[in-house]
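A short worksheet on the structure shown next.
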Amino acid sequence: MNIGETAKASGVSAKMIRHYEKVGLFPEALRTESGYRQYTDREVSTLRFIRQSRDLGFSIDQIRELLGLWQDKRRPSRQVKALAQAHLQELDAKLQELHAMKATLAHLVDHCHGDDRPDCPIVDNLANEQRPIPDKAPHRIRGSGLQPGRH
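First residue of the sequence shown? That's 25 in the numbering used here, and the numbers climb one at a time after it.
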């Protein structure tokens, strides 16, 4: 199969296939005499595995580890589970951060008049690190300069 057919069969774009080859996540394809990449059904399965791993938010390094575990038929499932559990904890932390960001932004939107007046708590908070955010937002938003607890 050429790269276009492989992309269609795997659900991974040709650009991403090349990227995965470049970063060493996926082996470089064999080439025809004219230089075209050629892929097997096994490689399509590997690309599907990579795509589905990316769809679940695994990082390139985590996928590299998962691929090694997938290809090792004698692996203990506890290794796979431990990797997945660690990723699940990362997702939970991201969700908490997103909820805090949403609460902060919702509070700021609620307090912006949205009329012809120039004063606006949204831009004020974005512009001034010293300006705190309301109690409703339980966590500091990393890198934003927004802090909970005061209004």
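All residues carry an ideal CB built from backbone N, CA and C; glycine is no exception.
Of the residues the options, the one placed nearest residue i, counting alpha carbons only
i	options	result
Glu45	Glu29, Glu57, Lys32 and Tyr63	Tyr63
Lys105	Gln95, Lys118 and Leu90	Leu90
Asp85	Arg102, Arg66 and Leu107	Leu107
His111	Asp96, Ser101 and Phe82	Phe82
Arg66	Phe50, Arg88, Ile87 and Pro145	Phe50
Asp116	Ile87, Leu80, His137 and Pro145	Leu80
Pairwise C-alpha distance: residue j and residue i
i	j	result
His123	Asp148	21 Å
Glu114	Met125	17 Å
Gln95	Arg55	24 Å
His43	Val68	15 Å
Glu52	Glu153	48 Å
Ser101	His137	55 Å
Pro145	His135	7 Å
Asp139	Glu121	30 Å
Glu29	Phe73	17 Å
Cβ separation of residue i and residue j, assumed to be a contact under 8 Å, to the nearest whole Å
i	j	result
Leu71	Ile41	7 Å
Met25	Ala33	7 Å
Leu93	Gln103	6 Å
Arg75	Gly35	5 Å
Counted within 10 angstroms of its Cβ, other Cβ atoms place residue i as buried (16 or more) or exposed
i	result
Val133	exposed
Ala130	exposed
Arg98	exposed
Leu170	For Leu170, the predicted model reports a pLDDT of 41, less than 50, meaning its position is unreliable; a value from the coordinates is still stated below. Buried: at least 16 other Cβ atoms inside 10 Å.
Val47	exposed
Ser77	buried
Arg141	exposed
Ala127	buried
Ala151	exposed
Ala31	buried
His175	Caution applies to His175, whose pLDDT of 33 falls short of 50 and renders its modelled position unreliable; the value that the coordinates give is listed next. Flag for His175 reads exposed.
Residue i beta carbon near the ligand GDP (any heavy atom closer than 7 Å)
i	result
Pro51	In the structure on display, the ligand GDP does not appear, and there are no ligands present to speak of.
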